[in-house]
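Heads up, the first sequence is in the working numbering, so the first residue is 4 and it goes up one at a time.
Here a beta-carbon is modelled for each residue, glycine too, at the ideal position from N, C-alpha and C.
Working notes, structure below.
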Amino acid sequence: MPRRSPVRDPEVAPLEHLRGELQAGALVAARALLGCILERRIGRAVLRARIVETEAYSQDDPASHCYGGQTPRNAPMFGRAGLTYVYVSYGMHRCMNVVAGVEGTGEAALLRAVEPLQGIDRMIAARGWQGKPVRQLANGPGKLCAALSIGLEHNWVDLLADGELRLIPGRLDPQETIIVTPRIGISKAVDWPRRFAISGNLYLSRRG
DNA sequence: TATTAGATTGTCT
DNA sequence: GACAATCTAATAT
4 MPRRSPVRDP EVAPLEHLRG ELQAGALVAA RALLGCILER RIGRAVLRAR
54 IVETEAYSQD DPASHCYGGQ TPRNAPMFGR AGLTYVYVSY GMHRCMNVVA
104 GVEGTGEAAL LRAVEPLQGI DRMIAARGWQ GKPVRQLANG PGKLCAALSI
154 GLEHNWVDLL ADGELRLIPG RLDPQETIIV TPRIGISKAV DWPRRFAISG
204 NLYLSRRG
């Protein structure tokens with residue numbers, strides 16, 4: 004058996020590269036996550052979706068949950084890069100972040116929209132509706148968690164390890180570019196350009 | 001197409 | 001007690 008080299012192994016190398024980008028902080032992570040695949044396994048079903056929109060949050064940011072320090076809720080944001088931080092939004096929705104930065108700093112990238120690739124029927128069932136365009140299946144942070152059946156039990160999950168919820172490294176296509184805009188749905192730091200999206204992608208939560 | 005209201009509960013002050 | 005990193009349906013234009 005040939006030795007598995009972290010550098011040469013086509014599976015391992017991109018994963019370690021992604022880990023490094025996540026460790027570099029929320030701003031780098033939010034960009035690096037675009038084009039990556041989020042995989043969710045439910046029993047034998049495999050759901051896959053491509054990340055097309057993210058937002059960066061960090062400790063020095065008045066709009067961030069960890070502005071002002073660590074609390075029980077935001078604790079995962081201070082963990083190591085690649086963990087999940089899932090929270091309840093408006094009492095009824097779940098939203099998922101990918102933790103970034105080095106351990107001890109409060110940083111994360113919110114996943115705002117994904118493009119469904121595989122297991123779409125399952126996602127439709129999880130959302131509880133049919134007959135609407137697939138573009139609206141996961142084009143929002145609450146919607147994508149519903150479509151992929153992601154709940155609070157998926158808090159603290161290591162997305163860079165093999166499990167029922169994981170990240171598969173991916174890149175943008177050559178013709179794709181990243182647009183940067185203010186974030187959506189916040190009331191502080193409303194002008195900060197910290198939303199990242201694949202320009203022109205059909206599955207964004209909004210245009211522009 | 002744009003704007004608005006209502007649902008609903010964990011979290012922190 | 002106030003507010004929230006949202007979503008949907010309904011109403012107005």
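Query: I believe residue 82 touches residue 105 by the beta-carbon criterion, under 8 Å. Please report the beta-carbon distance rounded to the nearest angstrom.; Result: In fact, because the Cβ distance is near 10 Å, the residues do not count as touching under 8 Å.
Query: In chain order, what are the residue ranges of uninterrupted beta strand (DSSP E) at least 3 long that sit wholly in the segment 4 to 69?; Result: 40 to 45, 48 to 61
Query: When the distance is taken between beta carbons, is residue 42 closer than 8 Å to residue 51?; Result: yes
Query: Contact between the segment 107 to 115 and the segment 159 to 177 is defined here as three or more beta-carbon pairs at a separation below 8 Å; is this criterion met?; Result: no
Query: Mind reading off the beta-carbon distance from residue 197 to residue 58? Whole number of angstroms is fine, and I expect it under 8 Å.; Result: 6 Å
Query: To which residues of the same chain is residue 120 closer than 8 Å at the C-beta, ignoring the five residues directly before and after it?; Result: 40, 51, 52, 53
Query: Given residue 73, which residues of its chain have a CB within under 6 Å of its CB, disregarding the five upstream and five downstream residues?; Result: 81
Query: What are the boundary residues of the alpha helix (DSSP H) that includes residue 127?; Result: 123 to 130
Query: Quick check: what's the CA-CA separation for residue 86 versus residue 67?; Result: 17 Å
Query: Reducing DSSP to helix, strand and coil, say where residue 137 ends up.; Result: helix
Query: Starting from residue 200, follow the beta strand (DSSP E) in both directions and report where the run begins and ends.; Result: 198 to 201
Query: Candidates 91, 13, 122: which alpha carbon is nearest residue 157's?; Result: 91
Query: Looking at the unbroken beta strand (DSSP E) that takes in residue 162, where does it start and where does it end?; Result: Careful: residue 162 lies outside any beta strand (DSSP E) and carries neither H nor E.
Query: Return the bridge partner residues of residue 119 from the DSSP annotation.; Result: 52
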